[in-house]
Amino acid sequence: MSTPVTYARSTGRSGPLRLDVVTLAIVFSILLLGLVMVTSASMSIAAKEAGEPFLYLERQLLLTLIGTALAAVAVCIPTDVLEKLAWPLLIFAVVLLLAVLIPGIGHSVNGSRRWIRLLGFNFQASELARVLVLIFLAGYAVRREAELRDGMAGLLRPVGLLGVIFILLLAQPDFGAASVLLVTGFGVLFLAGARIRDVLGIAAVCAVALALLVWIEPYRMRRLTSFLDPWADPFDSGFQLTQSLIAIGRGEWFGVGLGASVQKLFYLPEAHTDFLFAVLAEELGLIGVVVTLALFLALVWRAFWIARAAFAAGRKFPAYLAAGFGIWIGVQSLINIGVNMGVLPTKGLTLPLMSYGRSSMIVALAWVGILLRVYHETVNEARGAATLRGHGRAHRDAEAAA
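As numbered in the numbering used here, the sequence shown has no gaps in its residue numbers, which increase by one up to the final residue, 403.
Right under this line is the structure:
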């Protein structure tokens with residue numbers, strides 16, 4: 002009589018580390034293009050401020066190395082560990098957003114209190130907090146999936162959390178980060194099974210609230226009116242947008258040539274950060290714009306491909322993490338490019354993985370590490386399942402032969 006054999010389900014932890022070559026190639030291409038454009042856009046201002054034209058290139062390289070190191074750490078952390086730590090991570094995110102509002106801890110730049118002084122440089126708390134909140138939402142979506150599918154009650158709890166985080170971000174104020182978090186959070190909850198009518202209903206309420214916030218805050222209203230007609234005041238409220246539009250218009254099909262931008266020569270503010278895309282369009286033209294858009298679309302597609310594979314393998318929490326990354330990278334890049342092109346009001350958001358930005362670059366690369374971890378676990382899960390099926394067939398054949 003044969004002895005029954007049982008096979009444990011793979012958790013994705015075991016096996017050699019398998020990295021997604023496609024994701025790595027896309028991210029490397031975006032980083033490389035970003036380094037080239039940051040160098041070009043920042044040389045004039047770096048030479049004026051510090052007498053060193055490659056100052057921002059050196060800083061961006063250092064930030065990329067730090068972010069890559071954090072990505073290497075993230076890719077080694079099992080996603081079930083992140084799921085178990087969802088509540089502590091959420092609490093830490095709230096503490097960060099509260100701490101930045103405390104005088105003496107939070108550091109103010111250009112009228113916004115968004116930074117915490119850490120190891121000699123300003124760290125933007127909202128960048129890390131958004132990732133931690135989305136980790137919690139992914140865990141909530143797994144734990145409360147049935148409630149999300151059944152009705153509004155299951156959706157109101159995470160929406161309430163998003164509302165609290167949104168208010169903390171507005172207090173800084175950081176309207177751009179708050180908007181991206183709101184859209185990404187709703188996206189994850191919708192993918193987890195929340196009914197479309199419930200999501201649209203709450204989204205409509207949020208839209209009305211956002212409109213009221215714009216109406217009651219004079220600086221937001223000025224941004225909106227200047228966005229609608231920047232040429233009405235091209236030397237004051239519409240200055241940044243008009244200079245961006247001039248840069249994009251000068252690029253035409255093939256651009257004026259790498260390093261030959263005129264607008265970056267102290268005409269276009271924040272040329273190496275929020276308005277890097279405008280300099281890219283001026284120097285590389287429509288061809289460069291199409292390549293950039295293709296790279297970001299490819300990264301979003303790959304994130305959703307990994308999310309779909311994880312979901313098919315029964316790994317819902319990693320799937321929601323990967324989908325959250327895809328939504329975030331797509332929404333923030335779309336908003337940044339829309340702002341540069343005058344399609345959206347100015348938000349103060351960087352172009353992910355490209356613009357010069359200390360916190361944004363480091364956190365974005367760490368999130369890439371989480372995405373690679375999801376891929377690794379999904380591949381190991383699939384290989385483990387295939388191995389188990391093979392063992393099962395062999396065992397049944399052996400029993401039949403006996």
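Ideal Cβ positions, reconstructed from N, Cα and C, are used throughout, including at glycine. The model shown is predicted, which means the values in this text are computed figures rather than measured ones.
Tell me whether leucine 246 sits in a helix, a strand or coil according to DSSP, three-state version.
-> Helix at leucine 246.
Cβ pair glutamate 128, serine 334 closer than 8 Å | Note that the C-beta distance between glutamate 128 and serine 334 is not below 8 Å.
Buried or exposed: where does alanine 9 fall if 16 or more other Cβ atoms within 10 Å of its Cβ makes it buried?
-> In this prediction, alanine 9 has a pLDDT of 35, which is less than 50 and means its spatial position is unreliable; what the coordinates show is noted afterwards. In this structure alanine 9 is exposed. Its beta-carbon is surrounded by fewer than 16 other beta-carbon atoms within 10 angstroms.
For isoleucine 330, the first and last residue of its enclosing alpha helix (DSSP H) | Isoleucine 330 -> alpha helix (DSSP H) spans 317–341.
Could you check if proline 17 is buried or exposed, using at least 16 other CB atoms within 10 Å of its CB as the buried criterion?
-> With a 10 Å radius around the Cβ and a threshold of 16 neighbouring Cβ atoms, proline 17 comes out exposed.
Using the rule of at least 16 other Cβ atoms within 10 Å of the residue's Cβ for burial, across every protein chain shown, is tryptophan 368 buried or exposed?
-> Tryptophan 368 comes out buried.
Excluding the five sequence neighbours on either side, which residues of its own chain have a C-beta within less than 6 Å of the C-beta of arginine 131, listed in chain order?
-> Closer than 6 Å at the Cβ level, and outside the excluded window around arginine 131, lie Leu182.
Go through its chain and collect everything with a Cβ distance to glycine 286's Cβ below 7 Å, but skip five positions before and after it.
-> The residues are Gly252, Glu253, Trp254, Phe255 and Gly256.
Does the pairing of the stretch 329–348 with the stretch 37–47 give three or more beta-carbon distances under 8 Å?
-> No, because fewer than three Cβ pairs between the stretch 329–348 and the stretch 37–47 fall closer than 8 Å, the two stretches do not touch.
DSSP three-state assignment for histidine 108, whether helix, strand or coil = It is a strand residue.
Starting from the Cα of glutamine 125, find the closest Cα among Gly152, Asp175, Ala87 and Lys85 and give me that residue.
-> The shortest Cα separation from glutamine 125 among Gly152, Asp175, Ala87 and Lys85 belongs to Asp175.
Closest Cα partner of methionine 153 within the set Ser43, Trp88, Val200 and Ala314 | Looking at Ser43, Trp88, Val200 and Ala314, the one whose alpha-carbon comes closest to that of methionine 153 is Val200.
Inter-residue Cα distance where the pair is leucine 242 and glycine 343 = Spanning the alpha carbons of leucine 242 and glycine 343 requires a straight line of approximately 7 Å.
Looking only at C-alpha atoms, which of Ala94, Gly161 and Ile168 sits nearest to leucine 133?
-> Nearest to leucine 133 by C-alpha distance, out of Ala94, Gly161 and Ile168, is Ala94.
By a C-beta neighbour count over all protein chains shown, 10 Å radius and 16 as the cutoff for buried, is glutamate 53 buried or exposed?
-> So glutamate 53 ends up on the exposed side.
Considering only C-alpha positions, which residue in the set Met44, Ile31, Val23 and Thr24 is nearest to alanine 272?
-> Ranking the options by Cα distance to alanine 272, first place goes to Met44.
Please state whether DSSP places proline 17 in a helix, a strand or coil.
-> The answer is coil: DSSP assigns proline 17 none of H, G, I, E or B.
Are the CB atoms of alanine 299 and alanine 311 nearer to each other than 8 Å?
-> The answer is no: Cβ separation not under 8 Å.
Using the beta-carbon count (16 or more within 10 Å), is proline 346 buried or exposed?
-> It is buried - the Cβ of proline 346 has at least 16 other Cβ atoms within 10 Å.
Kindly indicate which three-state DSSP category tryptophan 116 falls into: helix, strand or coil?
-> In the three-state DSSP reduction, tryptophan 116 falls in the strand class (E or B).
So, are the CB atoms of leucine 71 and glycine 349 less than 8 Å apart?
-> For leucine 71 and glycine 349, no; Cβs fall outside 8 Å.
Use the C-beta contact count for isoleucine 92: other C-beta atoms within 10 angstroms, 16 or more gives buried, fewer gives exposed.
-> Exposed.
Taking the alpha-carbon positions, what's the glutamate 283 to glycine 289 distance?
-> So the alpha carbons of these two residues sit roughly 9 Å apart.
Beta-carbon contacts of threonine 7 that lie in its chain and below 6 Å, excluding the five residues immediately before and after | Confidence is the limiting factor: at threonine 7 the pLDDT is only 32, short of 50, which leaves the residue's position unreliable and the question unanswerable from this model.
To the nearest angstrom, how far is it from the Cα of arginine 196 to the Cα of glycine 202?
-> So the alpha carbons of these two residues sit roughly 10 Å apart.
Alanine 26: which of Asn341, Arg303, Gly339 and Ala308 sits nearest, CA to CA?
-> Distances from the CA of alanine 26 to each of Asn341, Arg303, Gly339 and Ala308 were compared; the closest alpha carbon is that of Arg303.
What first and last residue would you give for the alpha helix (DSSP H) that runs through glutamine 61?
-> In this chain, the alpha helix (DSSP H) harbouring glutamine 61 covers 56–75.
Phenylalanine 124 - containing beta strand (DSSP E), residue span = If you look at phenylalanine 124, you'll find it in the beta strand (DSSP E) that goes 122–125.
Start-to-end residues for the alpha helix (DSSP H) that takes in arginine 309 | Unbroken alpha helix (DSSP H) run through arginine 309: 277–313.
Whole-angstrom distance between arginine 374 and alanine 75, CA atom to CA atom = Cα to Cα, the separation comes out at about 7 Å.
Member of Ala100, Ala179, Ala308 and Leu63 whose CA lies at the smallest distance from the CA of isoleucine 363 = With distances taken between Cα atoms, isoleucine 363 lies closest to Leu63.
Can you tell me the Cα-Cα spacing of valine 263 and alanine 47, whole angstroms?
-> Approximately 16 Å between the Cα atoms of the pair.
Alpha carbon of arginine 150 to alpha carbon of leucine 157, nearest angstrom | Cα-Cα distance, rounded: 12 Å.
In terms of alpha-carbon separation, which member of Ser238, Phe297, Lys265 and Ala205 lies closest to glycine 30?
-> What sits at residue 30 in the sequence shown is serine, not glycine. Looking only at Ser238, Phe297, Lys265 and Ala205, the smallest Cα-Cα distance to serine 30 is reached by Phe297.
Mind checking proline 104: buried by the 16 CB within 10 Å criterion, or exposed?
-> Proline 104 is exposed by the Cβ-count criterion.
Is methionine 355 buried or exposed, if buried means 16 or more other CB atoms sit within 10 Å of its CB?
-> The Cβ neighbour count for methionine 355, taken over all protein chains shown within 10 Å, is at least 16; the residue is labelled buried.
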